[in-house]
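With the working numbering, the residue at position 264 of the sequence shown is 264, and numbering never jumps. To start, the structure itself, in structure tokens.
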Amino acid sequence: MSFSSLSGSSSSASHPLEPYGWDAGWEAEFAPYEAEGLLPGRVVRVDRGQCDVVTADGPLRADTAFVTPHDPLRVVCTGDWVAVEPGGNPRYVRTCLPRRTAFVRSTSSQRSEGQILAANVDHAVIAVSLAVELDLGRIERFLALAWESGAQPVVVLTKADLVPDAVTRAYLVQDVETSAPGVPVVPVSSVDGDGLDVVAALVGGGTSVLLGQSGAGKSTLANALLGEDVMTVQATRDVDGKGRHTTTTRNLLALPGGGVLIDTPGLRGVGLWDAGTGVGQVFSEIEELAERCRFHDCAHEAEPGCAVLAAIDSGGLPERRLESYRKLLRENQRIVAKTDARLRAEIRKDWKRKGAMGRAAMEAKRGAHRRA
Ligand SMILES: Nc1nc2c(ncn2[C@@H]2O[C@H](COP(=O)(O)OP(=O)(O)OP(=O)(O)O)[C@@H](O)[C@H]2O)c(=O)[nH]1
Ligand SMILES: [Mg+2]
Ligand SMILES: [Zn+2]
């Protein structure tokens with residue numbers, strides 16, 4: 001990789017990591033490590049105990065042993081800013097700078113384990129294929145996680161060339177817009193280039209992550225935005241969205257017109273992960289209506305003066321939205337309860353590990369409490 005082609009805006013020497021999102025905030029955050037002689041870098045890809053990092057000296061590979069703690073949410077991830085040792089064999093990533101945002105999902109609905117998919121992301125771009133039937137519930141779920149991550153969500157409806165009829169296309173866009181208040185919804189085709197300029201403008205600043213099911217066209221879109229084939233795309237697939245995963249690692253790419261893009265492997269589904277705030281944002285129109293219900297604790301079931309039910313009756317709010325809202329709230333409560341249970345169990349384990357001395361000290365303290 002060379003930095004010579006970077007468009008230096010003026011005579012003032014810009015930092016070679018600027019195209020990767022480096023700014024004054026990261027510089028300040030990195031200062032103590034700079035003093036130690038470590039190199040700043042951004043994680044491009046993580047792969048089995050190692051990661052690719054882009055630094056001012058170019059790309060390098062480093063060992064992640066120090067940044068792979070037990071807590072899966074603190075494991076180094078694509079998009080992280082890190083401090084890397086200037087040399088050594090292996091060369092180690094010493095530490096991760098505190099994240100501004102993080103896209104987290106639960107690995108499955110069965111287990112209460114969070115998985116971080118991308119760090120320091122400004123725009124969460126949810127790719128949804130127009131070649132298959134829209135699943136609004138799934139879009140809402142992605143959106144909840146996106147809002148929760150701290151990033152601004154965007155929905156791109158890919159393969160728009162497969163819906164040539166303008167009226168049908170407009171209906172599909174409208175359906176998604178109804179399920180995504182406050183979120184830009186952009187139909188795009190990587191084949192004929194429709195909508196590409198709109199997406200390019202949205203991802204032209206900050207860091208964006210492409211998320212969605214396998215086969216949604218994420219890598220094809222990434223290549224179209226890059227103007228070259230960097231990500232591998234499978235030319236033919238048996239069944240759209242069901243084929244094998246083409247992209248297998250999360251990859252960070254600097255876009256030629258500015259902005260940073262993270263392409264990710266397709267996700268069959270995403271489990272919520274402590275996303276109560278995110279769910280509220282996806283269904284903001286329901287939460288706004290709820291403020292006008294007669295009862296403060298209205299459950300919008302059959303209460304008199306319920307503004308939510310009134311909106312359904314008048315056709316202003318699709319009933320599906322309320323059902324989906326309830327479903328995601330319930331799922332989120334379940335995952336939060338499970339996580340709390342797991343944390344409690346871990347704290348108990350920790351407690352058992354403590355030596356006799358610690359235990360005695362605790363006992364003494366408790367005794368003191370009892371006496372008090
Ligand atoms: N007609 C049409 N096909 C597209 C478009 N974008 C992507 N495709 C096709 O859709 C298939 C999947 O595209 P990918 O870009 O590999 O999908 P992906 O989301 O990266 O998939 P994973 O890496 O498995 O997650 C390929 O056969 C592409 O050629 C588009 O805009 N129009
Ligand atoms: Mg891909
Ligand atoms: Zn109500």
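Here a beta-carbon is modelled for each residue, glycine too, at the ideal position from N, C-alpha and C. These figures come from a predicted structure and were not determined experimentally.
| query | result |
| --- | --- |
| So which of P153, G193 and D63 has the shortest CA-CA distance to P90? | D63 |
| What is the C-beta distance between T277 and W147, in whole angstroms, given that I count them as a contact (C-beta under 8 Å)? | 7 Å |
| With hydrogens ignored, establish whether the beta-carbon of K218 is closer than 7 Å to any heavy atom of ligand 2. | yes |
| With hydrogens ignored, establish whether the beta-carbon of E303 is closer than 7 Å to any heavy atom of ligand 3. | yes |
| Could you give the C-beta distance for L17 and R94, rounded to a whole number, given that I count them as a contact under 8 Å? | Between R94 and L17 the Cβ distance is about 17 Å, and since that is not below 8 Å, they are no contact. |
| When a residue counts only if its C-beta is closer than 5 Å to some heavy atom of ligand 3, which residues count, in chain order? | C293, C298, H300, C306 and V308 |
| Going by DSSP, what residue range makes up the beta strand (DSSP E) through L60? | G58 to D63 |
| Could you tell me the distance, in whole angstroms, from the CA atom of E285 to the CA atom of P153? | 17 Å |
| From which residue to which residue does the beta strand (DSSP E) around N223 run? | Segment K218 to L226 is the alpha helix (DSSP H) holding N223; no beta strand (DSSP E) there. |
| Taking the DSSP output, what are the residues bridged to S81? | For the record, residue 81 in the displayed sequence is Trp; it is not Ser. BP columns for W81 point to R42. |
| Rounded to the nearest angstrom, what separates S314 and Y171 at their Cα positions? | 20 Å |
| Check each candidate in L145, V233 and K218 and name the one with the smallest Cα separation from G280. | L145 |
| For P265, is the beta carbon positioned less than 7 Å from some heavy atom of ligand 1? | yes |
| Report the rounded CA-to-CA distance for V239 versus D52, giving the unit in angstroms. | Per-residue confidence for V239 stands at a pLDDT of 48, beneath the threshold of 50, marking its modelled position as unreliable; the derived number appears in the next sentence. Taking the straight line from one Cα to the other gives about 33 Å. |
| Skipping 5 residues on each side, what residues in its chain have a beta carbon closer than 6 Å to that of E323? | none |
| For S208, I'd like the list of residues in its chain whose CB is within less than 6 Å of its CB, leaving aside the five on either flank, ordered along the chain. | H123, V125 and L261 |
| Below 7 Å, is the gap between the Cβ of G269 and the nearest heavy atom of ligand 1? | no |
| Could you please give the first and the last residue of the uninterrupted alpha helix (DSSP H) stretch that includes S149? | L136 to S149 |
| If you compare alpha carbons, which of A119, E177, T264 and P98 is closest to V104? | A119 |
| On a CA-only basis, which of G227, G259, L343 and T232 is nearest G215? Give me that one, please. | T232 |
| Would V75 and G41 be called neighbours here (beta carbons separated by less than 8 Å)? | no |
| Assuming contact is defined by CB atoms lying nearer than 8 Å, are V44 and D80 in contact in what I supplied? | no |
| How many angstroms separate the CA atom of R294 from the CA atom of G305? | 5 Å |
| From L157 to P187, what does the alpha carbon distance come to, in whole angstroms? | 4 Å |
| Would you say the beta carbon of T78 comes nearer than 7 Å to a heavy atom of ligand 2? | no |
| Taking A151 as the reference, give the member of L136, V128 and L202 with the closest Cα. | L202 |
| Who does R105 pair with in a DSSP beta bridge? | Q115 |
| Considering only the alpha carbon of each residue, which of G193, D175 and N251 lies closest to L317? | D175 |
| How would you write the range of the alpha helix (DSSP H) that S314 sits in, first residue to last? | Taken as a continuous stretch (DSSP letters only), S314 belongs to no alpha helix (DSSP H), as it is neither H nor E. |
| Can you name the start and end residues of the beta strand (DSSP E) that S373 belongs to? | It is not possible to answer for residue 373, since the shown part of the chain is limited to 1 through 372. |
| Quick check on L343: buried or exposed, where buried means 16 or more other Cβ atoms within 10 Å of its Cβ? | exposed |
| Is the beta carbon of G212 within less than 7 Å of some heavy atom of ligand 1? | yes |
| Can you give me the Cβ contacts of T298 inside the same chain, cut-off strictly under 6 Å, excluding the 5 residues immediately before and after it? | The identity of residue 298 in the sequence shown is Cys, whereas the question assumes Thr. Cβ neighbours of C298 beyond the five flanking positions: C306. |
| Thinking just about the alpha-carbon of each residue, which of N332, L226 and A28 is nearest to the one in S190? | L226 |
| Considering only the alpha carbon of each residue, which of A24, P19, D71 and V84 lies closest to E36? | V84 |
| Could you name the residues that DSSP lists as bridge partners for Q50? | D47 and D63 |
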